[in-house]
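K.L.:
The structure follows.
Residue numbers (our numbering): 14 to 273.
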């Protein structure tokens with residue numbers, strides 16, 4: 014994974030992360046694929062298509078100024094590679110679950126602490142945080158490792174999934190993505206709550222137990238239109254990004270617009 018030289022410098026982590034072997038190595042313009050993303054994966058595939066098509070202007074300008082190499086993905090110019098984008102229960106506009114619980118400092122601290130402890134050289138668990146230094150190096154003592162990661166910028170950064178799932182974080186991402194007029198966009202949303210006498214939404218009895226907490230938190234949102242949810246994501250958030258065009262889905266596919 015190449016996070017980009019400018020991005021890595023701005024957020025204070027390593028430019029390169031984990032290596033993933035390609036699945037479809039013949040993927041290129043003209044060899045189009047269908048991208049399907051569940052939950053946060055929907056944000057990911059939208060951003061991927063945006064980078065393929067338009068690249069990252071920040072990285073392009075950085076490379077012009079500082080020299081060095083730049084990932085082909087971040088250069089853009091790779092249109093005609095995606096036929097459709099389908100999202101399932103994606104928080105396109107964020108979720109109260111992240112605003113009220115997931116992005117709280119305590120929750121982030123617990124998760125990152127766990128990643129730190131499992132980053133030791135004997136661990137078989139990979140939290141994907143090596144770019145932040147949360148991986149013990151060969152010949153490095155565990156004490157030295159803990160002292161080093163204590164100073165990582167991860168602890169105060171917004172460059173993580175916790176922030177991207179908040180409503181502010183999702184809004185930032187929405188500003189950076191656009192609709193491709195040659196792509197079919199579809200969303201699938203779900204609800205697993207029911208209204209109460211007070212107008213709030215309460216988790217259905219058969220909801221996956223761990224989600225009842227977040228489902229009920231979202232169901233009490235100040236904004237009534239955000240209350241109906243699937244346990245993690247409000248229906249209104251999973252339908253389409255607020256700043257992008259949408260229409261009601263029919264049996265006829267349309268391009269360049271979210272079909273809800």
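Ideal Cβ placement from N, Cα and C applies to all residues, glycine included.
Helix, strand or coil: how does DSSP classify residue 104 here?
P.N.:
coil
K.L.:
Could you tell me the distance, in whole angstroms, from the CA atom of residue 134 to the CA atom of residue 140?
P.N.:
13 Å
K.L.:
Quick check on the DSSP output: the beta strand (DSSP E) that includes residue 206 runs from which residue to which?
P.N.:
206-208
K.L.:
May I have the straight-line CA-CA distance separating residue 142 from residue 153, to the nearest angstrom?
P.N.:
17 Å
K.L.:
How close, in whole Å, do the beta carbons of residue 106 and residue 254 come, if the pair is a contact with beta carbons under 8 Å?
P.N.:
6 Å
K.L.:
Report, in whole angstroms, the separation of the C-beta atoms of residue 102 and residue 246, which I expect to be a contact under 8 Å.
P.N.:
5 Å
K.L.:
CB-CB under 7 Å to residue 228, same chain, minus the five flanking residues each way: which ones, in chain order?
P.N.:
205, 206, 216, 220, 242 and 244
K.L.:
Please report the distance separating the alpha-carbon of residue 147 from that of residue 162.
P.N.:
Spanning the two alpha carbons is a distance of roughly 6 Å.
K.L.:
DSSP three-state label for residue 242, please.
P.N.:
strand
K.L.:
If residue 16 sits next to residue 30, beta carbons under 8 Å apart, how far is it from one beta carbon to the other, in whole angstroms?
P.N.:
About 6 Å; that satisfies the 8 Å criterion.
K.L.:
Determine, using beta carbons only, whether residue 272 and residue 240 come nearer to each other than 8 Å.
P.N.:
Judged by their CB atoms, residue 272 and residue 240 are not nearer to each other than the 8 Å cut-off.
K.L.:
Which residues in the same chain as residue 32 place their Cβ atom closer than 8 Å to its Cβ, once the five residues preceding and following it in sequence are excluded?
P.N.:
Around residue 32: 14.
K.L.:
Using the C-alpha atoms, what's the distance from residue 95 back to residue 62?
P.N.:
7 Å
K.L.:
Give me the Cα-Cα distance between residue 80 and residue 58, rounded to the nearest whole angstrom.
P.N.:
29 Å
K.L.:
Taking the continuous alpha helix (DSSP H) assigned at residue 88, which residues delimit it?
P.N.:
85-88
K.L.:
So which of 270, 145 and 249 has the shortest CA-CA distance to residue 258?
P.N.:
270
K.L.:
Could you check how far apart the C-beta atoms of residue 109 and residue 249 are, in whole angstroms? I think they sit under 8 Å.
P.N.:
Their Cβ separation, rounded to whole angstroms, is 11 Å, which puts residue 109 and residue 249 out of contact at 8 Å.
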